[in-house]
Amino acid sequence: MTTPSKPRWFKSSYSGGSGTECVECARVTDGTLVRDSKDPVGAVIFIGGQAWCTFIRALDQGGVNGHP
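Written out as structure tokens, the structure reads:
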């Protein structure tokens, strides 16, 4: 995984508005990084480019929580 020294994080548009469900993402060369915005020094998940595209496509088509 190629990661820039300082990823450019942005809040997901799918995060809740109450401030309790905040997800941030950062695009990298071969995928996307995901983290909890309330814990910016905590765990970061890497999702490969093809898996990320599949995930976003499912969201666009309304496929959330296992529902097509």
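Residues 9 to 76 (the numbering used here) are what the sequence shown spells out, left to right.
The beta-carbon is built from N, C-alpha and C at its ideal position, and this holds for glycine as well.
According to DSSP, is Thr37 part of a helix, a strand, or is it coil?
In the structure shown, Thr37 sits in coil (DSSP, three-state: anything other than H, G, I, E or B).
How would you label Cys61, buried or exposed, when you count the other beta carbons within 10 angstroms and need 16 or more for buried?
Exposed.
Would you grab the beta carbon distance between Gly39 and Ile55 for me? Rounded to a whole angstrom, and I think it's under 8 Å.
Their Cβ separation, rounded to whole angstroms, is 5 Å, which keeps Gly39 and Ile55 in contact under 8 Å.
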